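Numbering (the working numbering), first residue to last: 5 to 224. For every residue, glycine included, the Cβ atom is placed at its ideal position computed from N, Cα and C. Because the structure is a prediction, the values reported are computed rather than measured. In what follows, a single structure is set out as structure tokens and then discussed.
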Amino acid sequence: MVHQTRVLVWLFVSGVSMLKLTICFFNVNFLHRWVGGPQIELIAIATGGRIVPRFEELTSDKLGYAGVVKELCFGTTKDRMLVIEECTNSKVVTIFIRGGNRMIVDEAKRSIHDALCRILNLIKTLEQYPFRAFADALESIPLALAENSGLNPIHTLTEIKARQNNAALGIDCLCKGTADMKEQHVIETLHSKNEQILLATEVVRNISLLLYPDDGKQHR
Ligand SMILES: *[C@@H]1O[C@H](CO)[C@@H](O)[C@H](O)[C@H]1NC(C)=O
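Spelled out as structure tokens, the structure:
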């Protein structure tokens, strides 16, 4: 049977830059640790606690919360590490790197930093993904037109994309020698084209809502 026990952990200010961490268990101090100022701030952010300058100012609303506070020892070395887990602000993550010497640790730090930057870029790319997919889907219209007219679809599309300064460009389906639809007198109202694209978008959205109902709820 597991009993839930409330353990009070408090951080003492002593001197200027070093702070003393005292863990009190049933009012009996059993662990003292010295931690640096920035670490205290990080612990406060993670646990949702407030840093109080005097013990008298300690009230229950200033207390932070952590599910687990433990000390880890590593092999035969005297290195000890205080681990504070299951904090209120669970978005905070600590990456602990160990290595044979300073160089290896620095190298690992750089690699992790690189990897995090890559992931950040990937997330940004993913956010643009729907727009790209939409653009790709729109491209299928000129591609299909070119293919149905017996032209090389990719080649034709690339040529037209290269001359994008003219808004009236289209596919020269009848091989009249010009891709300018105004010259070919191929005219359609903006309203009708808008409606067609809106309808197509709605159909795709309805299909994707059928396939992934949960996804749709998030992005609506
Ligand atoms: C898409 O779904 C909505 C809501 O179910 C419906 O009103 C609309 O007519 C559907 N659109 C198409 C194009 O099927």
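Taking 7 Å as the cut-off, is the CB of residue i close to at least one heavy atom of ligand 2?
i      : result
Val207 : With respect to small molecules bound, the structure shown includes ligand 1 and not ligand 2.
According to DSSP, residue i sits in a beta bridge with which residue or residues?
i      : result
Lys186 : Note: Lys186 sits in no beta bridge, so no partner.
Glu199 : In the DSSP output, where bridge partners are listed per residue, Glu199 has none listed.
Leu76  : Met85
Cys179 : The partner list for Cys179 (beta bridge, DSSP) is empty, contrary to what the question assumes.
Cys121 : Beta-bridge pairing links Cys121 to no other residue.
Ala70  : Cys91
Leu215 : None; Leu215 has no bridge partner.
Leu126 : In the DSSP output, where bridge partners are listed per residue, Leu126 has none listed.
Leu173 : Asp184
Exposed or buried, which one is residue i when buried takes at least 16 other CB atoms within 10 Å?
i      : result
Cys77  : exposed
Cys28  : Below a pLDDT of 50, predicted positions are generally treated as unreliable, and Cys28, at 49, falls in that range; the measurement from the model is reported next regardless. Its Cβ having fewer than 16 others within 10 Å, Cys28 is exposed.
Cys179 : exposed
Ile47  : buried
Ile175 : buried
Cys91  : buried
Gly68  : buried
Asn210 : exposed
Asn31  : For Asn31, the predicted model reports a pLDDT of 45, less than 50, meaning its position is unreliable and no value from the coordinates is stated.
Ser21  : Unreliable placement is indicated for Ser21, whose pLDDT of 44 sits below 50; no coordinate value is reported for it.
Arg224 : Because the pLDDT at Arg224 is just 48, under 50, the model does not fix this residue reliably, and the point stays unresolved.
Asn33  : Note that Asn33 scores a pLDDT of 47, beneath 50, so its modelled location is shaky; the value from the coordinates is reported in the next line. Label assigned to Asn33: exposed.
Val6   : Here the model assigns Val6 a pLDDT of 41, short of 50, so the residue's position is not dependable, and the following value carries that caveat. By the 10 Å Cβ count, Val6 comes out exposed.
Contact check, residue i vs residue j under 8 Å by CB: the rounded distance?
i      : j      : result
Asp109 : Glu89  : Reading off the sequence shown, one finds Val at residue 109, where the question assumed Asp. With 8 Å as the limit, Val109 and Glu89 do not qualify as a contact, their Cβ atoms being about 23 Å apart.
Ile99  : Ile127 : Ile99 to Ile127, Cβ: 18 Å. No contact.
Asp184 : Asn170 : 6 Å
Are the beta-carbon atoms of residue i and residue j separated by less than 8 Å?
i      : j      : result
Asp50  : Val96  : Residue 50 is actually Ala in this sequence, not Asp. Yes, the pair counts as a contact, with Cβ atoms nearer than the cut-off.
Ala112 : Ile123 : no
Gly52  : Asn105 : no
Lys186 : Ala166 : no
Arg84  : Lys66  : no
Contact the segment 158-166 vs the segment 130-150: 3+ CB pairs below 8 Å | yes
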